[in-house]
Amino acid sequence: MPGADKETDLSERIESFLSELKRCGSGAGSLRGSAETARETSALLRRITAQARWSNAGELMEIIRKEGRRMTAAQPSETTVGNMVRRVLKIIREEYARSRGSSEETDQQESLHKLLTSGGSSEDNFRQHFPHLKANVIEAINELLTELEGTTDNISMQALEHIHSNEVIMTIGRSRTVEAFLKDAARKRKFHVIVAECAPFCQGHEMATILSKEDIETTVIPDAAIFAVMSRVNKVIIGTQTVLANGGLRALNGTHTLALAAKHHSTPLIVCAPMFKLSPQFPNEEDTFHKFVSPHEVLPFTEGEILSKVNAHCPVFDYVPPELITLFISNIGGNAPSYIYRLMSELYHPEDHEL
Amino acid sequence: MADSDGRQIDSINHAADGDGKGHGIVRAKTEGKELTKEEKQRLRKEKKQHKKNKKDDKVPTEKEKEKEKPSVQAPSKPVTQSPTHKAAPVPVSASASESLAAAEKPVKTKAELRAERRARQDSERTSKQGKKEGGQQSTTSKPKASPSELQPVVKRLPEHVQVDDPAALKKLAKKLERQQKSGQGCGLNITGVKVPLRSDYGYKVSLFSHLHQYSRKNPPTQQISIPATVIHPSVVRLGLQYSQGIIAGSNARSVALLHAFKQVIQDYSTPPNEELSRDLVNKLSPYISFLSQCRPLSASMGNAIKYIKKEISNIPSQCKEEEAKGKLQECIDSYVNEKIILASEAISKYAIEKISNGDVILVYGCSSLVNHILCDAFEKQRKFRVIVVDSRPRLEGREALRRLVKKGIRCTYVLISALSYILPEVSKVFLGAHALLANGYVMSRVGTSQIALVAKAYNVPVLVCCETYKFCERVQTDSFVSNELDDPDDLIVTRNGKTHLENWQTVKSLGLLNLVYDVTPPDFVDLVITDLGMIPCTSVPVVLRVKNVDQ
């Protein structure tokens, strides 16, 4: 029967997506970039909207929330999944509100007056049925997907505004966004790039080879030399895994040292991060913030005799506080870290912060 | 260290250059005895002149051009206390072009040339004196400098930071050749054996083109043939051990150097018409050049060499050879004992006051002194645990980890990129030093300044442990001007079966940078523990002065 087929097909897809998420969690820098994850998540959510059985917006939101919880539980450090789920939930709310014809109540929590007089927005249960809701939501998700396709290009278009000729730029590890950013600038300007290799994953090596193939003067340095060479660096441009709600970053380990060194030398620190990396998390959740991988890259098994008596750690992420960051460059333009909270309120609904 | 090596070059420069600079150096070395030194200088000049004239090729026109050069440049030389770095390239280029010119056409008579040159130098000197009267530092114009006045430290720029100057490289090549010839003694026929000049390897990052970059796969001994009678075998072995990284760490290198020199002194026999005190010093010079070709000398090694040379030259001439050799061996032993072994005992006694129960101590890399302190403290029943931070590509921290675990200390091990994660747990940071510079900066393994920076950000106290024999009179503000570049191939790593940087040489715009040292500014360091006590970083020049007065 077509209905049952669709359902099993859907659940199969969801299961395969979950297992892929679980698998690519080992080692920092996922096997695929965050942009791909975001796109796949959105495509999967579109499919759920199209194929799952629901009659009103409330049910749809419940289904998506449930699937979203499962997906984030599969790989908690991959925050783009959760971000896309929240985006889709916000889309659903908007479409519902538009179908109802009610005015755009974008600021649900803004004024104290509203809080006192409205008595909560609980009368809005999303229980009304609208026939065109499905089509509208799917169309909106398609728009979201188009936006996701263009993020890297949007960011690299801004490269020439920030890089002048004969600059020395420092970066750490490998970020596809920064790679595109620098390649775009290299088409018109000549500059030098210093890449810190970021042990133990050493993704800086890959970044350096890619950049040097585009005829950009690249130098690879070990992490220990970051402060030593920082005095000759004009700008630090980095990518990140997540942008947190307070404007801070969850980035590759070693980024905090880089940021402190840049602050000491008053070198601007620029973060290239597309909007789908913005997450409503705060850094104080200690148990979920850090992620560790096997320390066999730090202390290999060949050091057998001492291995049992020593604790070895291999954290993947670092927290960078917002005071150390100068500028965020995203697909909607450049922003200061103090503005991140406003952008977040535009992207996500406050009730969706907790999935 | 550069002073002692450059003494032979000094004398040539006196011949080529204006006497103003020569006066500076001479006055620096012996305050108040200029007149006799001037005479000695002139004698030396004549000797050198004789040797040069023996080759029988002088170019009058070239010579005149060179004389123009120093006289033109002499007035433009700055009269302030920092003539060193500007003056050094001047004599370098002058003498280099001189030695270049030394293969050309025939000449006026030597007497004429000598007279010409004497006249020119006299005129230069008077013009210089005139300038210097009104100059800021009037040390050269005062006939007697009081001993308590600071010595003007007019040092020569060490060769290993002038790689981008082709004249300096030529000069070094000539010097190495000359040392081989001077060590020839009488009648030994050694052709083609000389202290080898190592060639650089790989693409050098442009910021560091003034430094050498050698590959470990091309050891310097490849060009030495057997028998290498110029260089003592224990020195050859030592040089190889340095260049391959078998002996690493400033204490280890200094001790190994002193032991090798003990062996050299043991095997030394004074040739018939020479005095031990002068000849032995000359014998040691090619060894030192060879060692610095294997790996640039460290500050501690430089101080040790200065000490040895001083001891040798202080041997009275009527002393018998066996007695003299015995005395020297004793001196070396006592130096090692006092400055290194006893010093580390003293430092560990001070340091243990700073370690309390329940401490979490962070150390970086492998410093023999810090390891010693921690082992001592553990023996004295202090309860603490240690976090060892390590960095690629040397991974020296693993050695420290092994030693501490063998003692039974509880250890944690991370790489330097995880520093921000681990630092909130830490209560103190202990760092070792390679040298302490006179402006309070700490020169140490690359990565130390980073640790101090992040520790400061988290408000964790940073303590540096350093013996006084590592204090040096150099000043430096960044890690670029004087550093060491290690083999760039060390950065290559194979991970998940892929080696991204394997063919880095073929890619034109890709460079690998493997620095060895960096400098930590004194505001990051809270305390320096030395054998003289616990001092702040900025008191280093005070200690240097006290040491000089003692000696």
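As given, the protein sequences belong to chains D and H, one line each in that order. Using my numbering, read the first sequence as starting at 5 and increasing by one per residue. Using my numbering, read the second sequence as starting at 90 and increasing by one per residue. Glycine residues also receive a C-beta, built at the ideal position from the N, C-alpha and C atoms. Note that the structure is predicted; figures quoted are calculated from it, not measured.
Can you tell me whether residue i is buried or exposed? The criterion is at least 16 other CB atoms within 10 Å of its CB, across all chains shown.
{"i": "K140 (chain H)", "result": "exposed"}
{"i": "Q539 (chain H)", "result": "buried"}
{"i": "G208 (chain D)", "result": "buried"}
{"i": "T45 (chain D)", "result": "buried"}
{"i": "N146 (chain D)", "result": "exposed"}
{"i": "A340 (chain D)", "result": "exposed"}
{"i": "Y547 (chain H)", "result": "exposed"}
{"i": "S374 (chain H)", "result": "buried"}
{"i": "F305 (chain D)", "result": "exposed"}
{"i": "H589 (chain H)", "result": "buried"}
{"i": "A177 (chain H)", "result": "With a pLDDT of only 40 at A177 (chain H), under 50, the local geometry of the prediction cannot be trusted, and the value read off the model is given with reservation. By the neighbour-count rule (16 or more Cβ atoms within 10 Å), A177 (chain H) is buried."}
{"i": "P80 (chain D)", "result": "exposed"}
{"i": "S283 (chain D)", "result": "buried"}
{"i": "S2 (chain D)", "result": "Because chain D in this structure spans residues 5 to 359, residue 2 (chain D) falls outside the shown range and cannot be described."}
{"i": "L132 (chain H)", "result": "exposed"}
{"i": "A255 (chain D)", "result": "buried"}
{"i": "K398 (chain H)", "result": "buried"}
{"i": "A208 (chain H)", "result": "exposed"}
{"i": "G177 (chain D)", "result": "buried"}
{"i": "P361 (chain H)", "result": "exposed"}
{"i": "T595 (chain H)", "result": "exposed"}
{"i": "V631 (chain H)", "result": "exposed"}
{"i": "R305 (chain H)", "result": "exposed"}
{"i": "R57 (chain D)", "result": "exposed"}
{"i": "A200 (chain H)", "result": "exposed"}
Assuming residue i contacts residue j under a Cβ cut-off of 8 Å, what Cβ separation, rounded to an integer in Å, is found between them?
{"i": "N60 (chain D)", "j": "R131 (chain D)", "result": "5 Å"}
{"i": "L164 (chain D)", "j": "A189 (chain D)", "result": "6 Å"}
{"i": "R90 (chain D)", "j": "Y352 (chain D)", "result": "5 Å"}
{"i": "L574 (chain H)", "j": "L258 (chain H)", "result": "In fact, because the Cβ distance is near 16 Å, the residues do not count as touching under 8 Å."}
{"i": "Y453 (chain H)", "j": "T537 (chain H)", "result": "6 Å"}
{"i": "V172 (chain D)", "j": "I214 (chain D)", "result": "Wrong, their Cβ atoms sit about 19 Å apart, outside the cutoff."}
{"i": "L286 (chain H)", "j": "A262 (chain H)", "result": "5 Å"}
{"i": "S332 (chain H)", "j": "P308 (chain H)", "result": "5 Å"}
{"i": "L48 (chain D)", "j": "R17 (chain D)", "result": "6 Å"}
Do residue j and residue i come within 8 Å of each other at the CB atom, strictly closer than that value?
{"i": "Y357 (chain H)", "j": "L346 (chain H)", "result": "no"}
{"i": "S235 (chain D)", "j": "H196 (chain D)", "result": "no"}
{"i": "T557 (chain H)", "j": "D465 (chain H)", "result": "no"}
{"i": "V543 (chain H)", "j": "L508 (chain H)", "result": "yes"}
{"i": "L616 (chain H)", "j": "C561 (chain H)", "result": "no"}
{"i": "K469 (chain H)", "j": "G447 (chain H)", "result": "no"}
{"i": "V294 (chain H)", "j": "T223 (chain D)", "result": "yes"}
{"i": "A277 (chain D)", "j": "L152 (chain D)", "result": "no"}
{"i": "Y424 (chain H)", "j": "Y396 (chain H)", "result": "yes"}
{"i": "E400 (chain H)", "j": "C420 (chain H)", "result": "yes"}
{"i": "P204 (chain D)", "j": "C28 (chain D)", "result": "no"}
{"i": "C626 (chain H)", "j": "V531 (chain H)", "result": "yes"}
{"i": "L93 (chain D)", "j": "M75 (chain D)", "result": "no"}
{"i": "L599 (chain H)", "j": "V549 (chain H)", "result": "no"}
{"i": "Y345 (chain D)", "j": "A249 (chain D)", "result": "yes"}
{"i": "D227 (chain D)", "j": "I505 (chain H)", "result": "yes"}
{"i": "F613 (chain H)", "j": "A524 (chain H)", "result": "no"}
{"i": "A184 (chain D)", "j": "I230 (chain D)", "result": "no"}
For residue i, verify whether its CB is less than 7 Å away from any heavy atom of the ligand NAD.
{"i": "D639 (chain H)", "result": "The ligand NAD is absent from the structure shown, which contains no ligands of any kind."}
Taking 8 Å as the threshold (beta carbon to beta carbon), is residue i in contact with chain B?
{"i": "I241 (chain D)", "result": "Looking at the structure shown, chain B is missing, and the protein chains on hand are D and H."}
Subject >> Cβ pair count under 8 Å reaching 3, the stretch 235-252 of chain D against the stretch 294-303 of chain D >> reply: Taking 8 Å as the limit for Cβ pairs, the verdict is that the stretch 294-303 of chain D does not touch the stretch 235-252 of chain D.
Original post:
Do the stretch 407-421 of chain H and the stretch 593-611 of chain H touch if we need at least three Cβ pairs shorter than 8 Å?
Top reply: In short, these stretches do not touch, since the Cβ pair count stays below three.
Subject >> Cβ pair count under 8 Å reaching 3, the stretch 542-553 of chain H against the stretch 364-380 of chain H >> reply: Verdict: no, contact absent.
Original post:
Quick one: any contact between the stretch 580-587 of chain H and the stretch 518-536 of chain H, if contact means 3 or more CB pairs under 8 Å?
Top reply: Short answer: they don't touch.
Original post:
Looking at C-beta atoms only, is the number of pairs between the stretch 314-332 of chain D and the stretch 253-268 of chain D that lie closer than 8 Å three or more?
Top reply: The stretch 314-332 of chain D is in contact with the stretch 253-268 of chain D.
Original post:
If contact means a Cβ-Cβ distance below 7 Å, which residues of the stretch 163-193 of chain D contact chain H?
Top reply: So the list is empty, because no residue satisfies the distance condition.
**OP:** Using a Cβ-Cβ cut-off of less than 9 Å, list which residues of the stretch 280-313 of chain D approach chain H; keep chain order.
**Re:** Those residues of the stretch 280-313 of chain D that come within reach of chain H (Cβ to Cβ, closer than 9 Å) are H294, P299, E301, V302, L303, E307, E309, I310, K313.
**OP:** Decide yes or no for the touch test of the stretch 480-490 of chain H against the stretch 453-462 of chain H: beta carbon pairs closer than 8 Å, at least 3 of them.
**Re:** Result yes; three or more Cβ-Cβ pairs closer than 8 Å.
**OP:** Name, going along the chain, the residues of the stretch 579-594 of chain H whose beta-carbon falls closer than 7 Å to a beta-carbon of chain D.
**Re:** Residues passing the 7 Å Cβ filter: L580, V582, R584, H589, L590.
Subject >> Interface residues of the stretch 520-540 of chain H facing chain D [CB-CB below 7 Å] >> reply: Those residues of the stretch 520-540 of chain H that come within reach of chain D (Cβ to Cβ, closer than 7 Å) are V535, G536, S538, Q539.
Original post:
Which residues, taken in chain order from the stretch 258-275 of chain D, show a beta carbon closer than 8 Å to some beta carbon of chain H?
Top reply: Listed in sequence order: G258, H260, T261, L264, A265, H268.
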